[in-house]
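Chains X and E, in that order, are what the protein sequence lines are.
Each residue of the first sequence is one higher than the one before, counting from 1 in my numbering.
Each residue of the second sequence is one higher than the one before, counting from 1 in my numbering.
We treat Cβ as the ideally placed atom computed from N, Cα and C, and that holds for glycine.
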Amino acid sequence: SAVISQKPSRDICQRGTSLTIQCQVDSQVTMMFWYRQQPGQSLTLIATANQGSEATYESGFVIDKFPISRPNLTFSTLTVSNMSPEDSSIYLCSGVGTSSGNYGYTFGSGTRLTVV
Amino acid sequence: GDSVTQMEGPVTLSEEAFLTINCTYTATGYPSLFWYVQYPGEGLQLLLKATKADDKGSNKGFEATYRKETTSFHLEKGSVQVSDSAVYFCALDNYGQNFVFGPGTRLSVLP
Chain X
1 SAVISQKPSR DICQRGTSLT IQCQVDSQVT MMFWYRQQPG QSLTLIATAN
51 QGSEATYESG FVIDKFPISR PNLTFSTLTV SNMSPEDSSI YLCSGVGTSS
101 GNYGYTFGSG TRLTVV
Chain E
1 GDSVTQMEGP VTLSEEAFLT INCTYTATGY PSLFWYVQYP GEGLQLLLKA
51 TKADDKGSNK GFEATYRKET TSFHLEKGSV QVSDSAVYFC ALDNYGQNFV
101 FGPGTRLSVL P
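Okay, structure coming up:
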């Protein structure tokens, strides 16, 4: 399976600011996703990052708050905009490859965000 | 739609006790099934997986068998250690189209 490097691993940010999280995959993956894990809860899918086009957002998530880029098959960013303490969560990216030898979901190590 | 149900936690065990965390799923077709583990302060790590019925995934003493007839993928370990304290997530992948997580089960192992 692919290996995903995610950074930063953690950050403490002031409310009203924005943070961009990056994920770099060591091989091409067909699809990439961004998840949020609020304290004590399971993972919630934010959006599917589409290469070269706008991301597909799940209900309750909007592009203005969580802009996503995916310029190629190995890289994606998620920005958490105009942050508030309610945005304090772990954010994870994942990628799925479907080619032989590269099938399956892989996750980044997560970004623990605290908004103060 | 596809869904995953896990036993509610937290689960608290003494060291060397036997562990079972139940997981059942609802899905169209024949999904792949996974267990992920999240240690305190860390991201998700794949623990084990099974891609077809009757497959048994195993890793680090943990095992789970894909039971199509009962749509289950229960996680077991014969003797838990303090270092196994973590949150465990059951998940399914329906041919890369829909990856669904269960709510997670927190395990605490006491010395």
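- Distance from the Cα of TYR91(X) is smallest, within the candidate group GLY52(X), THR56(X), SER59(X) and ILE46(X), for ILE46(X).
- Using a CB distance cut-off of 8 Å, PHE101(E) counts as an interface residue toward chain X.
- Taking C-beta separations shorter than 7 Å and ignoring five residues to either side along the sequence, the partners of VAL37(E) in its chain run GLN45, LEU47, ALA86 and TYR88, following chain order.
- DSSP, read as helix, strand or coil, puts PRO85(X) in helix.
- GLN6(E) counts as buried, since no fewer than 16 other beta carbons sit within 10 angstroms of its beta carbon.
- Nearest in C-alpha terms to ARG112(X), of all of LYS65(X), GLN22(X) and SER76(X), is GLN22(X).
- In this structure, DSSP gives ASP11(X) an extended state, which the three-state scheme calls strand.
- Three or more pairs of CB atoms, one per stretch, sit closer than 8 Å, so the stretch 63-75 of chain E contacts the stretch 15-23 of chain E.
- Within its own chain, the residues whose Cβ lies closer than 7 Å to the Cβ of SER84(X), once the five positions on either side in sequence are excluded, are ARG15 and VAL115, listed in chain order.
- By the rule that beta-carbons nearer than 8 Å mark a contact, LEU44(E) touches chain X.
- Under the 8 Å criterion on CB atoms, GLY16(X) is classed as non-interfacial with respect to chain E.
- Under the 8 Å criterion on CB atoms, PHE61(X) is classed as non-interfacial with respect to chain E.
- Annotation note: the stretch 20-49 of chain E contains the following uninterrupted beta strand (DSSP E) runs of length 3 or greater, listed N- to C-terminal: 23-26 and 32-38.
- If you look at LEU110(E), you'll find it in the beta strand (DSSP E) that goes 105-110.
- The DSSP-derived three-state label of VAL3(X) is coil.
- Just measuring C-alpha positions, the residue of THR74(X), GLU86(X), GLY97(X) and CYS93(X) sitting nearest SER9(X) is CYS93(X).
- Beyond the five residues adjoining it in sequence on each side, PHE75(X) comes within less than 6 Å, by CB distance, of GLN24 in the same chain, given in chain order.
- The beta-carbon separation of GLY110(X) and GLY43(E), rounded to 3 Å, stays under the 8 Å limit for a contact.
- The alpha-carbon separation between GLU15(E) and LEU75(E) amounts to approximately 17 Å.
- With respect to chain X, the C-beta atom of GLY104(E) has a partner C-beta closer than 8 Å.
- Using a Cβ distance threshold of 8 Å, SER18(X) and VAL80(X) count as a contacting pair.
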